[in-house]
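Enquirer: 55 is the number of the first residue of the sequence shown in our numbering; add one for each residue after it.
All residues carry an ideal CB built from backbone N, CA and C; glycine is no exception.
Small disclaimer: the values here were computed from a predicted structure and weren't measured.
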Amino acid sequence: MKVLHMDSDIPSVYFPIGSLSEGGTCEFSTKKCRYYCPSGGEINEHEKWAYNYFKKHNEETVLKKIMCDYKELSKIPYNAKMIQWFAWGDCPSELTEKVTVCILAIKDEGIPQYGFTRNRRLWEIIPHYDNLSIGLSLDDLDNAKEMSIINGKMTAHPNFQSGYAEMIFNGRIVSKCNGWWCITDAETQNSDCTRCLTNNDGCYSR
């Protein structure tokens with residue numbers, strides 16, 4: 055099995071959803087987040103396998119597995135040449151340091167990465183680069199704007215009613231994305247993470 059799984063055309067890290075007591079990884083989730091979670095409460099075997107692999111192996115072994123999976127998945131036609139963190143689930147406290155080591159090592163390999171977490175420590179540790187953007191998900195819009203200004207990094211406000219995640223940089227919503235459509239000040243287009251990376255839009259805004 056793989057630790058990376060395809061989310062549309064993007065090799066992604068999927069972990070089990072739900073609270074730690076339920077076998078999930080959403081340690082920092084809110085009641086609202088859990089209520090509106092699009093997963094339907096289902097946990098797939100590949101998510102459990104990936105999570106257990108991260109827990110059981112050291113950073114070097116996990117990193118080698120990620121790179122091996124990425125090289126295989128990147129051969130798929132029209133594959134986005136990047137890695138998404140936590141398409142499902144999140145980074146629990148016990149994996150913060152291990153995930154940090156992996157993300158920074160992957161950055162050094164020149165592979166673009168983006169993702170969303172509610173693990174504030176992970177978000178604070180990971181720097182923001184043109185090809186590396188991890189957003190802190192916050193339910194309160196004003197708080198999300200304030201945190202983006204204070205830390206100079208991306209935050210994300212999930213709009214549960216519309217189904218869009220609002221990406222925030224420097225206190226301003228720069229785009230809204232739901233995985234199918236991406237809305238900016240200029241236009242509405244089909245979601246295309248490669249285009250956002252190339253144009254410094256969306257999750258890859260500066």
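#1: So is D123 buried or exposed if we call it buried at 16+ other beta carbons inside 10 Å?
#2: Evaluate G95 with the Cβ neighbour count: other Cβ atoms within 10 Å of its Cβ, from every protein chain shown; 16 or more gives buried, anything less gives exposed.
#3: Measure the alpha-carbon distance for K119 versus C87 and round it to whole angstroms.
#4: Going along the chain, which unbroken runs of the alpha helix (DSSP H) with 4 or more residues stay wholly within the region 180-213?
#5: Tell me the start and end of each unbroken alpha helix (DSSP H) in the region 63-147 that is at least 4 residues and wholly inside, in chain order.
#6: Quick one: what does DSSP say E241 is sitting in, helix, strand or coil?
#7: Taking the alpha-carbon positions, what's the G150 to K85 distance?
#8: Go through its chain and collect everything with a Cβ distance to N185's Cβ below 6 Å, but skip five positions before and after it.
#9: Buried or exposed for T209, going by 16 or more other Cβ atoms inside 10 Å?
#10: If I measure Cβ to Cβ from Y107 and keep anything under 6 Å in the same chain, skipping five residues before and after, which residues do I get?
#11: Please identify the residue among E148, P212, A141 whose C-alpha is closest to the C-alpha of H111.
#12: Going by CA-CA distance only, name the one from E163, G206, D144 that's closest to G169.
#13: Tell me whether Q215 is buried or exposed, calling it buried when 16 or more other Cβ atoms sit within 10 Å of its Cβ.
#14: Once you ignore the five residues that flank K152 on each side, which residues in its own chain have a CB closer than 6 Å to its CB?
#15: For Q243, does the count of other Cβ atoms within 10 angstroms reach 16, so buried, or fall short, so exposed?
#16: In the DSSP assignment, find the unbroken alpha helix (DSSP H) run with E163 in it and report its ends.
#17: Could you compute how far the alpha carbon of P70 sits from the alpha carbon of N253?
#18: Hey, could you find the ends of the alpha helix (DSSP H) C257 is sitting in?
#19: Identify whether R175 lies in helix, strand or coil by the three-state DSSP scheme.
#20: I'd like the span of the beta strand (DSSP E) that includes D61, first residue to last.
Expert: Let's see:
#1: Along the sequence shown, read from residue 1 onward, the residue named residue 123 stands at position 69. By the 10 Å Cβ count, D123 comes out buried.
#2: To locate residue 95, count along the sequence shown from 1; it is residue 41. Classification for G95: exposed.
#3: The count along the sequence shown starts at 1 and reaches residue 119 at position 65. The count along the sequence shown starts at 1 and reaches residue 87 at position 33. In a straight line, the C-alpha of K119 is about 30 Å away from that of C87.
#4: 195-205
#5: 85-90, 99-110, 113-127
#6: For the purposes of this step, residue 241 is taken as residue 187 along the sequence shown, with counting starting at 1. The answer is coil: DSSP assigns E241 none of H, G, I, E or B.
#7: Working through the sequence shown from its first residue, we reach residue 150 at position 96. Working through the sequence shown from its first residue, we reach residue 85 at position 31. For clarity, residue 150 is Thr in the given sequence; the question names Gly instead. In a straight line, the C-alpha of T150 is about 22 Å away from that of K85.
#8: Position 131 of the sequence shown, counted from the first residue, corresponds to residue 185. Closer than 6 Å at the Cβ level, and outside the excluded window around N185, lie P166.
#9: In the sequence shown, residue 209 corresponds to position 155, counting from 1. Buried, because 16 or more other Cβ atoms sit within 10 Å of the Cβ of T209.
#10: Within the sequence shown, numbered from 1, the residue matching residue 107 stands at position 53. So the list reads V57, once near-sequence residues are dropped.
#11: Locating residue 111 in the sequence shown gives position 57, counting from the first residue. For H111, the nearest C-alpha among the options comes from E148.
#12: Along the sequence shown, read from residue 1 onward, the residue named residue 169 stands at position 115. Minimum Cα distance to G169 is reached at D144.
#13: Numbered from 1 along the sequence shown, position 161 holds the residue referred to as residue 215. Counting Cβ neighbours within 10 Å, Q215 comes out exposed, since fewer than 16 surround it.
#14: As a first step, residue 152 is located in the sequence shown; it is residue number 98 there, counting from the start. Only E113 meet the Cβ criterion.
#15: Along the sequence shown, one-based indexing puts residue 243 at 189. Burial call: exposed.
#16: To locate residue 163, count along the sequence shown from 1; it is residue 109. Per DSSP, E163 belongs to no alpha helix (DSSP H) and is neither H nor E.
#17: Against the sequence shown, residue 70 aligns to sequence position 16. Against the sequence shown, residue 253 aligns to sequence position 199. Whole-angstrom Cα-Cα distance: 32 Å.
#18: As a working mapping, residue 257 is identified with position 203 in the sequence shown. Counting along the chain, C257 falls outside any alpha helix (DSSP H), and DSSP gives it neither H nor E.
#19: Counting from one through the sequence shown, the residue named residue 175 turns up at place 121. Note: R175 maps to helix in three-state DSSP.
#20: Position 7 of the sequence shown holds residue 61. First-last of the beta strand (DSSP E) with D61: 58-61.
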